[in-house]
Amino acid sequence: MGVRSLYNAAVLLIATYLIARCNALPRRQALVTAPSIPDGHWIDTWAAMPQLTEYTNLPPPPYNTTSVIFFNSTIRQTLHMSTGASQIRIRISNAFGLTDLPITAMTVALPFNGSSGVSAIQPSTLQKVTFSGGESSITIPDGALAVSDPLDFPIQPLSTITVTMYLATGQNGTFITSHPGSRATSWFTLGDQVSATNLTGPFLNSTQHWYFLSAVEAWSPPNYRTWAIIGDSITDGRGSDPDKNDRWPDLVYARMQSSNSPLLTSISMINQAAGGNRILYDGLGPNVLARVDRDVLAHHGVRYAMIWEGVNDIGVADATPANQTETYERLVSAYRQIAARVHAFGVPLFAATITPFSAPGGNTTLQAYTSPLREQTRQKVNAFIRSSATAGAGGGIFDAVFDFDAILRNQSVPSQLADALQSGDYLHPNDAGYQLLAESFDLSVFEKFDTGVLGFT
């Protein structure tokens, strides 16, 4: 037998052995079939900005000890989708954890009556969530995220899903990742109840925070795309009704889905806002300059972006001429930086003017941001924003501007929100204010920038 024949025989023998060994190995749970839409892609149908959980937003005892969070705990959370899909994936974030995040088990289902904030599910829709090719559990290192296996779990546009997770050992330490401004009720109890129709137990508790969940992805046709919004507590929906999904972006998106436009109904929306967020400095979450890549550009399928921030930069800065001048100049520079980075991806960037935040009679007890100097800065920033929507290759900063200031301000006292449109703190709109913002939003911008922007790369 020649050398080549010996080599071929050896290869055949090794291959036969390996096949036999593989057939002998225990098999994991069968994976879902290939995505049902050929040449489709994953886009986010829901997302929440990951944040480091402040001490006051940690769960109460017995879910919070000095050494571990959510030990032997089940967490049930409802999430409001934007676009629909036949298949989804779920993302979990340990971005701000300093230790491993061990997820023991997880399920997804439709909530009772399709409602947000309920602890009961429709048991016939319950599915087990797996990771990494069929594993029931996953351990996520500190600073990392994980994505589930694809799930054959059909969702309708504007529907709500329930995600339930169980942490047998909890997460060590007190640094965990969450989104405190959920405006949706989440539930937790002791023990493994991921498959329970309704959570029970003597320590059953609820809160209006999301823990660990950062996105739901939808397998979508290739022409589907995402609109990502960066904002602060106003975009995060402070002042809106809990469990009603009536933040102003939700209301704009409902208009889009009720239209007869194939374009508008093919766009998903992700709200990447956080209460107290600033453009220039960290606070409640990373500053915008630090997070625009993570929260906008890193999300597959983003074809439109919007920023509505700056009020907290003005309001937190000392009310002195020097500090307010510096804040104005740095905000203008930051807007230019953000636009340059977004435009480099061919993505149009929308913006909105900063709405009033002064209380009547200069009363800083009613609203701490109240100050004539801060109001002057707001007016200067708004003048810059209004003048910055200049079309043309490399010649514009914002591709469209929405004058939310003009919509919400008191026409007699322009430094204040209209009385009928504010929630009581003279900073955040109420439900009527959010509705008015949504109704004023010109949906034609999506058609105008359907092919993106050119000339900036």
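Residue numbers (mature numbering (1 follows the signal peptide of the UniProt record, and there is no 0)): -24 to -1, 1 to 433. Built from N, CA and C at the ideal position, the CB exists for glycine as well.
**Message:** Please classify R312 as buried or exposed, where buried requires at least 16 other C-beta atoms within 10 Å of its C-beta.
**Reply:** exposed
**Prompt:** Thinking just about the alpha-carbon of each residue, which of T140, P36, D426, Y402 is nearest to the one in S242?
**Reply:** D426
**Request:** Please state whether DSSP places Q343 in a helix, a strand or coil.
**Result:** coil
**Item:** Where the beta strand (DSSP E) through T353 begins and ends
**Value:** Premise fails: T353 lies in the alpha helix (DSSP H), 348 to 363, not in any beta strand (DSSP E).
**Asked** Can you name, in chain order, every residue of its own chain whose Cβ lies under 6 Å from the Cβ of F326, other than the five neighbours on each side?
**Response** M282, A376
**Message:** If contacts are defined as beta-carbon pairs under 8 Å, then R385 and T331 qualify, I think. What distance do you get, rounded to the angstrom?
**Reply:** 7 Å
**Request:** Give a yes or no on whether the C-beta atoms belonging to V105 and T83 are separated by under 7 Å.
**Result:** yes
**Request:** To the nearest angstrom, report how far apart S235 and Y229 are at their CA atoms.
**Result:** 10 Å
**Message:** Less than 7 Å between the C-beta atoms of I246 and A204, yes or no?
**Reply:** yes
**Prompt:** Going by beta carbon distance, what residues of the same chain come within less than 7 Å of F151, once the five residues before and after it are set aside?
**Reply:** L28, F72, G73, L74
**Message:** Considering Cα atoms alone, identify which of T80, S95, A24, P78 is closest to L86.
**Reply:** S95
**Message:** Using 8 Å for Cβ pairs, my map puts D289 next to T301. What's the rounded Cβ distance?
**Reply:** Contact annotation, D289 with T301: C-beta distance approximately 13 Å; criterion of less than 8 Å not satisfied.
**Prompt:** Would you call the CB atoms of S416 and I383 closer than 7 Å?
**Reply:** yes
**Request:** Round the Cβ separation of R67 and R159 to the nearest angstrom and send it over; I've been treating them as touching at under 8 Å.
**Result:** No, R67 and R159 are not in contact; Cβ-Cβ is about 20 Å, not under 8 Å.
**Request:** Taking only the alpha-carbon atoms, compute the straight-line gap between R231 and Q132 and give it to the nearest angstrom.
**Result:** 15 Å
**Prompt:** Is the beta carbon of V429 less than 7 Å from the beta carbon of G322?
**Reply:** yes
**Item:** Beta carbon of D418 nearer than 7 Å to that of T202
**Value:** no
**Request:** Hey, could you find the ends of the alpha helix (DSSP H) R65 is sitting in?
**Result:** No alpha helix (DSSP H) holds R65; the beta strand (DSSP E) holding it covers 61 to 69.
**Request:** Select from V287, N199, P348 the residue whose C-alpha is nearest the C-alpha of P297.
**Result:** The residue with the shortest Cα to Cα distance from P297 is P348.
**Request:** Sort G109, F88, S92, G110 by Cα distance to L102 and report the nearest one.
**Result:** F88
**Request:** Please confirm if the region 255 to 262 is in contact with the region 168 to 185, defined as three or more CB-CB distances below 8 Å between the two stretches.
**Result:** no
**7 Å Cβ cutoff met for Q63 and D128** = yes
**Message:** On the DSSP bridge list, what partners appear for E285?
**Reply:** According to DSSP, E285 bridges with nothing at all.
**Message:** Quick check: what's the CA-CA separation for S237 versus N221?
**Reply:** Cα-Cα distance, rounded: 23 Å.
**Request:** Return the chain-ordered list of same chain residues with a C-beta closer than 8 Å to the C-beta of N199, the five sequence neighbours on each side being excluded.
**Result:** S242
**Prompt:** Per DSSP, H56 forms a beta bridge with which residues?
**Reply:** T136
**Asked** If you draw a straight line from the C-alpha of Q233 to the C-alpha of L240, how long is it?
**Response** 7 Å
**Among L77, P37, F374, nearest to F113 - alpha-carbon criterion** = With the sequence shown as reference, residue 113 is identified as Ser, and Phe is not the correct amino acid for it. The shortest Cα separation from S113 among L77, P37, F374 belongs to L77.
**A293 burial status per 10 Å Cβ neighbour count (16 or more: buried)** = buried
**Request:** Could you spell out the range, first to last residue, of the beta strand (DSSP E) harbouring M232?
**Result:** Looking at the DSSP string, M232 is not in any beta strand (DSSP E); the run it does join, the alpha helix (DSSP H), is 224 to 234.
**Prompt:** With a CB to CB cut of under 6 Å and the five nearest residues on each side skipped, what residues in its chain are close to S391?
**Reply:** P332, S334, E351
**Message:** Closest to P336 by C-alpha separation, out of R214, T140, S209, D401, would be which residue?
**Reply:** D401
**Prompt:** Can you tell me whether DSSP reads I114 as helix, strand or coil?
**Reply:** strand
**Item:** heavy atom of the ligand GTP below 6 Å from Q132 C-beta
**Value:** Annotation note on the ligand GTP: not contained in the displayed structure, which lists no ligands.
**Prompt:** Hey, out of P14, Y410, G16, whose CA is closest to R214's CA?
**Reply:** Y410
**Message:** In chain order, what are the residue ranges of uninterrupted alpha helix (DSSP H) at least 4 long that sit wholly in the region 362 to 430?
**Reply:** 380 to 384, 407 to 416, 420 to 424
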